[in-house]
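Student: Have a look at this one before I ask anything.
Number of protein chains: 2
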Amino acid sequence: MELTGRQKKILRAVVEGYIDTAEPIGSHTVLARTGLTCSSATIRNELVALDKEGYLEQPHTSAGRVPTAKGYRLYVNELMRERELSQSEAEEINRKLQNTPAGKDKLMADVGKMATELTSYPALTISAAASATVKRVDLIYIDPNSFIIVLLLTGDTVKNKLVHLPFSSTETLLKRLSAVFNANFTGLSEEQITPELITSTERAVGDTMGVTSVVAGFLIETLMTSRDAGANVSGEANLLKLPEFQDPDKAHRLINYLSDSQNLSALTAAPDFGDVKVLIGPENAALELRDSSVVLASYDAGDGMRGLIGVVGPTRMDYSAVAAKLAYIAGGLSRLLGAGGSPPAGFGKLMIKGGDSDVQK
Amino acid sequence: MELTGRQKKILRAVVEGYIDTAEPIGSHTVLARTGLTCSSATIRNELVALDKEGYLEQPHTSAGRVPTAKGYRLYVNELMRERELSQSEAEEINRKLQNTPAGKDKLMADVGKMATELTSYPALTISAAASATVKRVDLIYIDPNSFIIVLLLTGDTVKNKLVHLPFSSTETLLKRLSAVFNANFTGLSEEQITPELITSTERAVGDTMGVTSVVAGFLIETLMTSRDAGANVSGEANLLKLPEFQDPDKAHRLINYLSDSQNLSALTAAPDFGDVKVLIGPENAALELRDSSVVLASYDAGDGMRGLIGVVGPTRMDYSAVAAKLAYIAGGLSRLLGAGGSPPAGFGKLMIKGGDSDVQK
DNA sequence: CTTTAGCACTCAGGAAACGGGAGTGCTAAG
DNA sequence: CTTAGCACTCCCGTTTCCTGAGTGCTAAAG
Chain A
23 MELTGRQKKI
33 LRAVVEGYID
43 TAEPIGSHTV
53 LARTGLTCSS
63 ATIRNELVAL
73 DKEGYLEQPH
83 TSAGRVPTAK
93 GYRLYVNELM
103 RERELSQSEA
113 EEINRKLQNT
123 PAGKDKLMAD
133 VGKMATELTS
143 YPALTISAAA
153 SATVKRVDLI
163 YIDPNSFIIV
173 LLLTGDTVKN
183 KLVHLPFSST
193 ETLLKRLSAV
203 FNANFTGLSE
213 EQITPELITS
223 TERAVGDTMG
233 VTSVVAGFLI
243 ETLMTSRDAG
253 ANVSGEANLL
263 KLPEFQDPDK
273 AHRLINYLSD
283 SQNLSALTAA
293 PDFGDVKVLI
303 GPENAALELR
313 DSSVVLASYD
323 AGDGMRGLIG
333 VVGPTRMDYS
343 AVAAKLAYIA
353 GGLSRLLGAG
363 GSPPAGFGKL
373 MIKGGDSDVQ
383 K
Chain B
23 MELTGRQKKI
33 LRAVVEGYID
43 TAEPIGSHTV
53 LARTGLTCSS
63 ATIRNELVAL
73 DKEGYLEQPH
83 TSAGRVPTAK
93 GYRLYVNELM
103 RERELSQSEA
113 EEINRKLQNT
123 PAGKDKLMAD
133 VGKMATELTS
143 YPALTISAAA
153 SATVKRVDLI
163 YIDPNSFIIV
173 LLLTGDTVKN
183 KLVHLPFSST
193 ETLLKRLSAV
203 FNANFTGLSE
213 EQITPELITS
223 TERAVGDTMG
233 VTSVVAGFLI
243 ETLMTSRDAG
253 ANVSGEANLL
263 KLPEFQDPDK
273 AHRLINYLSD
283 SQNLSALTAA
293 PDFGDVKVLI
303 GPENAALELR
313 DSSVVLASYD
323 AGDGMRGLIG
333 VVGPTRMDYS
343 AVAAKLAYIA
353 GGLSRLLGAG
363 GSPPAGFGKL
373 MIKGGDSDVQ
383 K
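In structure tokens:
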């Protein structure tokens, strides 16, 4: 059943009122917030209707109304007013993105902190997780017993490792080895680096001391960890200020869940979406997130890969403000890391694609 | 006034009882725990004495006793029984340290998680913070518009950065530049890299495009951040399970404090100490830590630098178990990273050097 | 058919009252 | 110095009570 205009106004008032106060909203409050010219009794009648349709519910008889997941969904999809960032907020974000620190990891950590500060919710970042491949390998000779492996991956991540050898090697061996690695391993992903390949390389270069396998081991390890690594959370403590997380047990469960990067990577499983995605309460696959909401924005991480930045908060979350801020940050990241260098079309514009309306059971 | 043997036994019983239960300990409980052959009235008399001396206090009249900071201090310094790790715990730690992941940062993060798991308290790691100097610089040519800077610092940290240039450079320029950098910048710390040095280098190598200053900028930035960076926390959520942090506000304050790495670095200010250091409640300089305790173990990070690994918990903490575990982990780290490669003397042995007994006001 | 005033009813949550019990300090005798 | 005995204290969990916000329903009015 399609809602009437008045019902939509009322629903919006309840959602926004509840977002503001975390208290159930009664008919009088609705009246005050909407400025409708009817009586509270009329509102009450409408409220029962919205109740019946499943958009609202009462914590107990004779309390005000609280939005259900369905109610939030409708609000996010249709009722929410788009929120422009204030000039100063936008500048703030740009400024912070300007002095980008060395290293993608640190950058993402900093951006996460920024998102936390802006939204006051815990923020998470997930770096592009497409399985990486080798772009280039260099071995830097330090002294007979040590060298550095420098590994360039797709996505322009650079990894390195300082290796100490229990025996001596030579600069020429390393040079030769670099060349062979670049010839044979470029474009390979983790699975493609087989033991056979390693031994054949070893023979090709005449390495009797096992340097080859040390290097290959590092490649495999790095490719493996780069697959799911790059998840990062900050600002978990902010949950504790929220009335819905006054129960330390509840807070503990969620924070714990967030602190395992494996769980976060699972969020990537979300099907492709445009700009911003909102997952409300039970729409979340993970049990631990079922009474929280997640807002995710995706950005272009270059090399055709995408990353995610998002926040976690109570279902009672200021979706419009959060979505706008995340979209803006994601846009900035795309500009910074993105392939073309030119801002993607529609940058800064807010286009929300929600999850399915179906609630996961 | 020196305590009698019986008083020490009683003090120990109170401390350990309180550590176990988080409840004030009464005369009957002391009797049960010590196995003394006197009556509860006698215990009560002794308790008043300990009370007067400032080792114990009562939350309110007619409750049992709780140790004061002074009480804990005496316990840690004299009364605590050394705790051996169980075979399986030791093996567990060794095993985990074996498969050390790529990169010092990740290693420290993993070790922190391990400490959290073992102690069930939030763990922090602070990597050696002695101001680093340049050991070696390499520039790897990728294509005319990009190259990688690989920077080896004292402490064997390797940092890298992929640089995209808005103009073309050549492999030979980079080669020459590497050589000059290695000749002129080795051993320099951040302050010593002056603008004059940079321009003179630029001239020496005939670089008209500013590649030199890009590289130098990276050096400066890295040296700067490496100074205080490397602090890391994990397992903050564990606080929420403790009875002393049931108040979300209290938990929030502490977790927030811990999440700022600047604060953690401040802990390094602690004067040199031997193996393990315990800071009890008000002995902590930081206000936010005044009713928590911190246990720190220091390890040899190679190149004459030391790092810290520690946990934060309530003053009611199982100091002996925590200290033993941290000491063991730190020993393992020293072996792994330490200069000599041979385990330092007394590895695994527990030698506690406390903070001053004076309480900070 | 919709709106509205009126009213009885419900119920969460804070305040006050209560009682049990753990633990104390003190006294006086061993 | 130790100990039995006892009166006293005070925390804390439970119960009771009360208030007030908010409801649903009914019946009259638009």
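Chains as they are written, first to last, in the numbering used here: chain A, 23 to 383; chain B, 23 to 383.
Cβ coordinates follow ideal geometry from the N, Cα and C atoms, glycine included.
When you compare each of A/ASP271, A/ASP297 and A/LEU286 to A/ASP322 by their alpha carbons, which one comes out closest?
Tutor: The shortest Cα separation from A/ASP322 among A/ASP271, A/ASP297 and A/LEU286 belongs to A/ASP297.
Student: I need the DSSP call for A/ARG87, collapsed to helix, strand or coil.
Tutor: Three-state result, A/ARG87: strand.
Student: Quick one: complete beta strand (DSSP E) runs, 3+ long, within the stretch 107 to 194 of chain B?
Tutor: Listed in chain order, they are 145 to 148, 156 to 165, 168 to 175 and 180 to 186.
Student: Taking 9 Å as the CB-CB cut-off, is A/LYS181 touching chain B?
Tutor: Cβ-Cβ to chain B under 9 Å: yes for A/LYS181.
Student: If we ignore side chains and look at the alpha-carbon of each, how far apart do B/TYR40 and B/LEU96 end up?
Tutor: Roughly 15 Å between the two C-alpha positions.
Student: Quick one: using the 10 Å Cβ neighbour count with 16 as the cut-off for buried, is A/LYS263 buried or exposed?
Tutor: Counting Cβ neighbours within 10 Å, A/LYS263 comes out exposed, since fewer than 16 surround it.
Student: In angstroms, rounded to a whole number, what distance separates the CA positions of A/ASN182 and A/LEU78?
Tutor: Approximately 54 Å, taken between the alpha carbons.
Student: Give the DSSP bridge partners of A/TYR321, in chain order.
Tutor: Beta-bridge pairing links A/TYR321 to A/GLY329.
Student: Closer than 7 Å by beta-carbon distance: list the chain B residues that pair up with A/SER235, in chain order.
Tutor: The contacting residues do not exist; A/SER235 stays about 15 Å from chain B at best.
Student: Can you give me the Cβ contacts of A/ALA112 inside the same chain, cut-off strictly under 8 Å, excluding the 5 residues immediately before and after it?
Tutor: These residues qualify, in order along the chain: TYR350.
Student: Does any CB atom of chain A fall closer than 9 Å to the CB of B/GLY257?
Tutor: True, the Cβ-Cβ gap to chain A drops below 9 Å.
Student: If you drop the 5 nearest sequence neighbours on each side, which residues of the same chain put their C-beta closer than 7 Å to that of B/LYS30?
Tutor: Correct list, in chain order: LEU101.
Student: In the structure shown, what three-state DSSP assignment does A/LEU359 receive?
Tutor: A/LEU359: helix per DSSP, three-state reduction.
Student: Going along the chain, which residues of its own chain have a beta-carbon closer than 7 Å to the beta-carbon of B/VAL36, five neighbours each way excluded?
Tutor: Closer than 7 Å at the Cβ level, and outside the excluded window around B/VAL36, lie ILE47, VAL52, LEU78, ARG87 and PRO89.
Student: Which one of B/ASN204, B/THR176, B/GLN214 and B/TYR163 has the shortest CA to CA distance from B/SER191?
Tutor: Of the listed residues, the one whose Cα sits closest to B/SER191 is B/TYR163.
Student: Contact criterion: CB-CB distance below 9 Å. Does A/ASP322 meet it with respect to chain B?
Tutor: So, not an interface residue.
Student: Just to make sure I have the definition right: I need the residues of chain A whose C-beta is within less than 9 Å of the C-beta of B/LYS263. Which are they?
Tutor: In chain order: PRO270, ASP271 and HIS274.
Student: What whole-angstrom Cβ distance do A/MET136 and A/LYS118 have, given they're in contact under 8 Å?
Tutor: Indeed, because the Cβ distance is near 5 Å, the residues count as touching under 8 Å.
Student: Per DSSP, what are the beta-bridge partners of B/ASN254 in this structure?
Tutor: Note: B/ASN254 sits in a beta bridge opposite B/THR147.
Student: Three Cβ pairs or more, each shorter than 8 Å: is that satisfied between the stretch 103 to 112 of chain B and the stretch 341 to 348 of chain B?
Tutor: A contact exists between the stretch 103 to 112 of chain B and the stretch 341 to 348 of chain B.
Student: Counting only Cβ-Cβ distances shorter than 8 Å, please list the residues of the stretch 151 to 176 of chain B near chain A, keeping chain order.
Tutor: Here the close residues are ARG158, ASP160, ILE162, ILE164, ILE170, VAL172 and LEU174.
Student: Look up A/GLY76 in the DSSP assignment and say whether it is helix, strand or coil.
Tutor: Residue state, collapsed to three classes: coil.
Student: Is the beta carbon of A/TYR143 closer than 9 Å to that of A/ASN260?
Tutor: Yes, Cβ-Cβ distance for A/ASN260 and A/TYR143 is below 9 Å.
Student: Could you check where the beta strand (DSSP E) with A/LEU301 kicks off and where it finishes?
Tutor: That run of the beta strand (DSSP E) goes 298 to 302.
Student: Whole-angstrom Cβ separation of B/GLY303 and B/SER314, contact assumed at under 8 Å?
Tutor: About 7 Å separates the two Cβ atoms, so the contact holds.
Student: I'd like the list of long-range same chain contacts for B/MET246, defined as Cβ closer than 8 Å, with 5 residues on each side in sequence excluded.
Tutor: Excluding sequence neighbours, B/MET246 sits near GLU212.
Student: Is B/GLY362 close to chain A, meaning its C-beta is less than 9 Å from at least one C-beta of that chain?
Tutor: Its pLDDT being 47, under 50, B/GLY362 is placed unreliably by the model, and the measurement read from it follows with that caveat. Chain A, which has no Cβ nearer than 9 Å to the Cβ of B/GLY362, makes this no.
Student: Run through DSSP, which three-state label would B/SER342 get?
Tutor: Helix.
Student: For B/VAL316, list the residues DSSP reports as bridge partners.
Tutor: BP columns for B/VAL316 point to B/LEU301 and B/VAL334.
Student: Could you tell me which residues DSSP puts in a beta bridge with A/ILE47?
Tutor: BP columns for A/ILE47 point to A/ARG87.
Student: Would you mind telling me which residues of chain B sit closer than 8 Å to A/ILE148, beta carbon to beta carbon, in chain order?
Tutor: By Cβ distance, chain B contributes nothing, its closest Cβ being about 17 Å from A/ILE148, past 8 Å.
Student: Is it the case that the stretch 224 to 237 of chain A contacts the stretch 192 to 210 of chain A, given that we only count it when at least three CB pairs across the two stretches are under 8 Å?
Tutor: Touching, yes, given that three or more Cβ pairs across the two stretches are closer than 8 Å.
Student: Straight-line CA distance for B/VAL172 to B/LYS157?
Tutor: Rounded to whole angstroms, B/VAL172 to B/LYS157 spans 11 Å at the Cα level.
Student: Under a three-way DSSP split, which group does A/THR208 fall into?
Tutor: Coil, per DSSP.
Student: If we ignore side chains and look at the alpha-carbon of each, how far apart do B/ARG28 and B/GLU68 end up?
Tutor: Taking the straight line from one Cα to the other gives about 9 Å.
Student: Looking at the unbroken alpha helix (DSSP H) that takes in B/HIS274, where does it start and where does it end?
Tutor: It spans 270 to 281 - the alpha helix (DSSP H) in which B/HIS274 sits, taken as one unbroken run.
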